[in-house]
Amino acid sequence: WFQNHIMDYNFPGWTLCAELLFYLSFPLLFIPLNKLKNNSIASLIILLWVGSFILLLWMLKQKFAPGLVYFFPLFHLPTFVIGMGTGILFIRNKDKLQSNISIINVVAILLFALFFFLLLINNEFGKYYHNGLLCPLFAFIILTLSLNNGILKKALSSKPLESLGEISYAFYIFQCPVYLLASEINRLYLNFNDLQFFILFLLILLFLSYFFHYMVEQPLRNRLKFKTVGVFKTKEETVKAKTVFNKKGIK
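Per my numbering, residue 20 is the first one in the sequence shown, and the count goes up by one each step.
As structure tokens, this is what we get:
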């Protein structure tokens, strides 16, 4: 991670540093977190969320470099822990949450409306939501989508949208180089208007994302998953894991 080169070349790639930190720290963080009681996890989530926002405000007031404030991986670790804690609470209390789905839906809608209201009335709001401020909004949206069994869930579970979800990371990470490539093609050969250029850019990005996901990302992920079979302690666990992998087409 180099502060002066965060936005060089493919600038969305800054997230790779944060994600690598998350993956490496996951076992160290999840095991003790999972041992905590629900109240302790909820308290930790609130503490991390408030603490992250206070730290962000202080760093902005002290005029730290934006690259350090917004993109340093350690400053995003609390968001990762908040996500883990929320996931644990969801699994432990799914039935209870399901019985309160109406309240969760209302809270999600209110938070969503509040977010857009703040964006409209305050041009400075964009400075503050980058480092985990929107965790409550995302948490309630995810809860709403996870607990609902109606038309929305069926629509989002359709194969086309499921495929878009599968390629979403490739779609994100390739957007900048594809934009530069499409811009150059348009400048040299096509001279499209804005709408035509957007369609060209989108088609190239979709094609590349699908290709990368199914030809590179998915095969590598399947191989890594299969190698983990060897770490199970008992023969029964190994057989069970292999059965799950085979059902998912992992060879």
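Here a beta-carbon is modelled for each residue, glycine too, at the ideal position from N, C-alpha and C. Only a predicted model underlies this, so the values are computations on that prediction, with no experimental measurement involved.
What does a CB cutoff of less than 8 Å around residue i pick up in its chain, not counting 5 residues either side in sequence?
i: Leu-93; result: Leu-40
i: Pro-31; result: Tyr-191, Ile-192, Gln-194, Cys-195
i: Gly-145; result: Leu-138
i: Lys-172; result: Leu-164
i: Leu-243; result: none
Does the ligand ADP have a heavy atom nearer than 7 Å to the CB of residue i?
i: Leu-79; result: Absence of the ligand ADP from the depicted structure is noted, as is the absence of any ligand whatsoever, leaving it without description.
Spatial neighbours of residue i within its chain, please: CB distance less than 6 Å, with the 5 preceding and 5 following residues excluded, ordered by chain position.
i: Ala-333; result: Because the chain here runs from 20 to 270, residue 333 falls outside it and cannot be looked at.
i: Gly-249; result: A caution first: Gly-249 carries a pLDDT of 49, below 50, which makes its placement in the model too unreliable to give a value.
i: Asn-168; result: none
i: Ala-126; result: The residue you asked about is not Ala; residue 126 is Val in the sequence shown. Result list for Val-126: Phe-159, in chain order.
i: Gly-86; result: Gln-22, Ile-25
i: Leu-75; result: Asn-150
i: Thr-105; result: Ala-158
Pick out whichever of the options has its Cα sitting closest to the Cα of residue i.
i: Leu-35; options: Asp-213, Ala-201, Ile-192, Met-234; result: Ile-192
i: Leu-199; options: Leu-221, Pro-238, Ser-182; result: Leu-221
i: Ser-182; options: Lys-82, Pro-196, Phe-226; result: Phe-226
i: Asn-112; options: Leu-166, Ala-174, Ser-202; result: Leu-166
i: Gln-194; options: Leu-219, Ser-44, Lys-146, Ser-177; result: Leu-219
i: Leu-164; options: Ile-223, Phe-109, Leu-243; result: Phe-109
i: Leu-96; options: Thr-105, Gln-81, Ser-71, Ala-84; result: Ser-71
i: Asn-124; options: Phe-157, Ile-140, Asn-212; result: Phe-157
i: Phe-134; options: Tyr-148, Leu-239, Phe-83; result: Tyr-148
i: Ile-128; options: Leu-162, Leu-152, Ile-140, Asn-141; result: Leu-162
Output needed for residue i: all residues of its chain with C-beta closer than 7 Å, excluding positions within five of it in sequence on either side, in chain order.
i: Cys-154; result: Trp-68, Thr-98, Ile-101
i: Leu-48; result: Val-100, Met-103
i: Glu-236; result: Ala-189
i: Glu-143; result: none
Given a threshold of 16 other Cβ atoms within 10 Å of its Cβ, counted over all protein chains shown, does residue i qualify as buried or as exposed?
i: Phe-90; result: buried
i: Ser-187; result: exposed
i: Ala-37; result: buried
i: Ile-64; result: buried
i: Lys-252; result: Here Lys-252 scores only 48 on pLDDT, less than 50, and its place in the model should not be relied on; the value that follows carries that caveat. Looking at its Cβ environment, which holds fewer than 16 other Cβ atoms inside 10 Å, Lys-252 is exposed.
i: Ala-201; result: buried
i: Leu-209; result: exposed
i: Leu-224; result: buried
i: Leu-214; result: exposed
(message) Using a Cβ distance threshold of 8 Å, determine whether the region 114 to 121 contacts the region 53 to 71, with at least three qualifying pairs required.
(response) no
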